[in-house]
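Structure first, commentary second.
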Amino acid sequence: MSYRAVLWDLDGTLTDSQEGILRCTQYALKACGIEESDPQKLIRFIGPPLAYSFATFYQMQEPMVSFAVEKYRERYGTVGWKENRLYPGITDCLKALKAAGYQIAMATAKPEFYAKKIVAFFELTPYFDAVIGSSMEHSDASKAYLMQRAMQQLHIPETQKEQVVMIGDRKFDAEGAAACGLPFIGVHYGYAPAGELESYPSVYLADTVSDLKTFLLEHAAS
697 MSYRAVLWDL DGTLTDSQEG ILRCTQYALK ACGIEESDPQ KLIRFIGPPL AYSFATFYQM
757 QEPMVSFAVE KYRERYGTVG WKENRLYPGI TDCLKALKAA GYQIAMATAK PEFYAKKIVA
817 FFELTPYFDA VIGSSMEHSD ASKAYLMQRA MQQLHIPETQ KEQVVMIGDR KFDAEGAAAC
877 GLPFIGVHYG YAPAGELESY PSVYLADTVS DLKTFLLEHA AS
């Protein structure tokens, strides 16, 4: 199979955002009266929507969930979003894909405002044809919905969706791709627990950005 477009997840796929997310999560939990000193317990916050994570991992109810999300963003909006770095080789990969004729978009559960800000901060804007994220309220944060929006922005019809591949590091990306009927590539260099990605259908599992680039270039539509 050959592909003409790629949809990227952000955290754990394009950028290593662990430092910022963990610090902001600790900040929010402390504001809720919870001291969490074990960073390993917070890695699971990387990927899913914030409201889901606070409710699921710390059994919070409303209005505490909304308060925790507000406190998280209080820190994230000032310093947390910058506590972030590109995975080695990402810029080169995007440049090569663009040169090969790929359309490139992002589909992330992170609020679109911050996703676009991060893309600009790392000087990746020229490579993206669309950057799609959730609203600040996360009312539209399902990965399937975000992928559908990204394909609409790229003007790709349903009849050609097999030529679009979703790239991500967590089960949420794989589940969203399956819901949309899209091929999925999982990346092992992200934040998935051992064996998580192997539980879902995929066309490829990449150990490194270099592996990912090689696969995509070999499968670029002519």
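Taking this note's numbering, I'd label the letters of the sequence shown as residues 697 to 918.
Cβ atoms here follow ideal geometry from the backbone N, Cα and C, with glycine treated the same way.
Note that the structure is predicted; figures quoted are calculated from it, not measured.
Query: Close-in-space but distant-in-sequence residues of the same chain around Lys794 (CB under 7 Å, 5 per side omitted); Result: Ile800, Tyr823
Query: Inter-residue spacing [alpha-carbon to alpha-carbon] between Leu893 and Lys867; Result: 6 Å
Query: Residue nearest to Glu770 in terms of C-alpha spacing, selected from Leu790, Gln722, Met756; Result: Gln722
Query: Reference Ser918; option with closest CA among Pro784, Gly797, Tyr768, Ala792; Result: Gly797
Query: Where Leu718 sits in the DSSP three-state scheme; Result: helix
Query: Outcome for Gly891 when other beta-carbon atoms lying within 10 angstroms are tallied against a minimum of 16; Result: exposed
Query: Given Ala701 as reference, the closest of Pro735, Ala902, Ile852 once Cα atoms are compared; Result: Ile852
Query: Asp865 classed as buried or exposed, judged by whether at least 16 other C-beta atoms fall within 10 angstroms; Result: buried
Query: Ala837 to Thr910 span [Cα, whole Å]; Result: 31 Å
Query: Cβ separation of Met802 and Trp704, assumed to be a contact under 8 Å, to the nearest whole Å; Result: 5 Å
Query: Tyr823 - containing beta strand (DSSP E), residue span; Result: No beta strand (DSSP E) holds Tyr823; DSSP gives it neither H nor E.
Query: Nearest candidate by alpha-carbon position, reference His915, set Asp903, Thr904, Val899; Result: Val899
Query: Assigned secondary structure, Arg771 (DSSP; H/G/I helix, E/B strand, else coil); Result: helix
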